[in-house]
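See below for the structure under consideration.
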Amino acid sequence: MRLLLDTHVLLWALLRTERLTGEFQALLQHSDNDAFFSSASIWEIAIKTGLGREDFRVDPMHLAQEARRVGFLELPVRADAAARVLELPYHHRDPFDRLLVAQAITEDMQLYTADRRLLLYSNLVVPIG
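Under my numbering, the letters of the sequence shown match residues 1086 to 1214, in that order.
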């Protein structure tokens, strides 16, 4: 299975594993699964860290390196996913979350998130917690 991690889930998986259930951690580590992080998440972290957001106080380059080190795969933002955002209804206004949903749809991945508002978009969006 191909898992795409929402930005907060990526942060928790790398920095605050206590926020994740044992079941979800096992899913991340299962050899049949590939866990991906989006380059859009790194961009989001860079912007929100620059704005001084407390929940995003992390070096985005270091986080990307750590994600790769633990075996997460980087998913670039492709033009078809960026364009797909136009087709999404406005259930959610956060442009980063909307792009992650579009990536999950175009790449046929399950997007794991703690944001239940994203569940309105697709059955590919899976809640954690």
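Glycine included, every Cβ here is placed at the ideal spot set by N, Cα and C.
Looking at C-alpha atoms only, which residue of Thr1092, Arg1087, Ala1187 is the closest neighbour of Asp1200?
Taking the first residue of the sequence shown as position 1, residue 1200 is located at position 115. Checked all of Thr1092, Arg1087, Ala1187; the closest Cα to Asp1200 is Thr1092.
Taking the alpha-carbon of Tyr1206 as reference, which of Arg1087, Val1094, His1177 has the nearest alpha-carbon?
Residue numbering aside, residue 1206 sits at position 121 when the sequence shown is read from its first letter. Residue His1177 is the option with its Cα nearest to Tyr1206.
Do you know offhand how far His1115's Cα is from Leu1158's?
Against the sequence shown, residue 1115 aligns to sequence position 30. Against the sequence shown, residue 1158 aligns to sequence position 73. Between His1115 and Leu1158, the alpha-carbon positions lie close to 14 angstroms from each other.
So does the segment 1101–1117 actually touch the segment 1142–1151, counting three or more Cβ pairs closer than 8 angstroms?
no
Express the C-alpha separation of Pro1145 and Leu1089 in angstroms, rounding to a whole number.
Position 4 of the sequence shown, counted from the first residue, corresponds to residue 1089. Position 60 of the sequence shown, counted from the first residue, corresponds to residue 1145. Taking the straight line from one Cα to the other gives about 18 angstroms.
Sort out for me which residues DSSP pairs Tyr1206 with in a bridge.
Against the sequence shown, residue 1206 aligns to sequence position 121. Paired residues: none, contrary to the question.
Would you check if the distance between the CB atom of Gln1195 and the CB atom of Arg1163 is smaller than 9 angstroms?
On the sequence shown, residue 1195 is found 110 positions in, with the first residue counted as 1. On the sequence shown, residue 1163 is found 78 positions in, with the first residue counted as 1. No, the pair does not count as a contact, with Cβ atoms beyond the cut-off.
Could you work out which residue in Trp1128, Gly1107, Val1155 is closest to Asp1119 when comparing CA atoms only?
If you number the sequence shown from 1, residue 1119 lands on position 34. The shortest C-alpha separation from Asp1119 is found at Val1155.
With H, G and I counted as helix, E and B as strand and the rest as coil, what does DSSP make of Ser1123?
In the sequence shown, counting from the first residue as 1, residue 1123 sits at position 38. Strand.
May I have the straight-line CA-CA distance separating Leu1204 from Leu1173, to the nearest angstrom?
Here residue 1204 refers to the residue found at position 119 when the sequence shown is read from its first residue. Here residue 1173 refers to the residue found at position 88 when the sequence shown is read from its first residue. Computed Cα separation, rounded: 13 angstroms.
Give me whichever residues DSSP pairs with Leu1089 in a beta bridge.
Here residue 1089 refers to the residue found at position 4 when the sequence shown is read from its first residue. Leu1089 pairs with Phe1121, Leu1196.
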